[in-house]
Structures are given as structure tokens and as C-alpha cells.
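Heads up, the thing below is written out as C-alpha cells.
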Amino acid sequence: MYPIINKDYCKGCNLCVEVCPKRVFEKGMEITHRGYYAAMVKYKEQCTNFKIPNGGKPLCEICWLTCPEHAIEFKED
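To convert, count from 1 in the sequence shown and add 262; that's my numbering.
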């Protein structure tokens, strides 16, 4: 599993960048269609949840819990 940011919801607060203990996210450089600099996933393989098998419970969801816009989702490889 790895995190993705839904740019339709992200407002560029960058809380995910600040709270991630593994430094998976970084501040965005591209303006979304809503006019925000959405955060981006830079190092998905550093995510604590990256090597969890299909159907496994995520170990860390700090970014997901922190995001006020619910813009972070986890996808399986």
C-alpha cells in the first residue's frame, strides 16, 4: 500500500509534509485546477505501509488522520 494525494481535495496546507515521520511527502510545485499548490508524494517506497500485503492493516496513518480535507488515500500496488 502506498499513499496518493487527491488533488481535487488538497488545499496545499502541507500538514502531511510536516507530520510524516518518513518524509514521504513534499510541498507541491504545481498549481491545481482549484488554484492550490497541492502536496505531492515524493518517496512512496519510504512509507511505513508500502510493503504491507494486500488486505493488511496499515501500520501508520498519521498523514491520513491529519489531513483536514481527506485528500490522502492508500492504494495497493
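In this text, a Cβ means the ideal position worked out from N, Cα and C, and glycines have one as well.
* To do: Measure the C-alpha to C-alpha separation of C309 and Y264 and round it to an integer number of angstroms.
  => Within the sequence shown, the letter at position 47 stands for residue 309. Within the sequence shown, the letter at position 2 stands for residue 264. Going by the C-alpha atoms only, they are around 7 Å apart.
* Take the Cβ of G274 as the centre, count every other Cβ of all protein chains shown within 10 Å, and call the residue buried at 16 or more, exposed below. => Residue numbering aside, residue 274 sits at position 12 when the sequence shown is read from its first letter. Buried is the call here.
* Determine the direct distance from the alpha carbon of K269 to that of I324, and round the result to whole angstroms. => For the purposes of this step, residue 324 is identified with residue 62 of the sequence shown, where counting begins at 1. For the purposes of this step, residue 269 is identified with residue 7 of the sequence shown, where counting begins at 1. Answer to the nearest angstrom: the Cα atoms are 19 Å apart.
* To do: With a threshold of 16 other CB atoms inside 10 Å of the CB of V286, please say whether the residue is buried or exposed.
  => Translated into positions along the sequence shown, residue 286 becomes position 24. Label assigned to V286: buried.
* Asked: Residues in its own chain within less than 8 Å of G318 by CB, not counting five upstream and five downstream?
  -> By 1-based counting over the sequence shown, the position of residue 318 is 56. Excluding residues within five positions, the ones whose Cβ falls inside 8 Å are M263.
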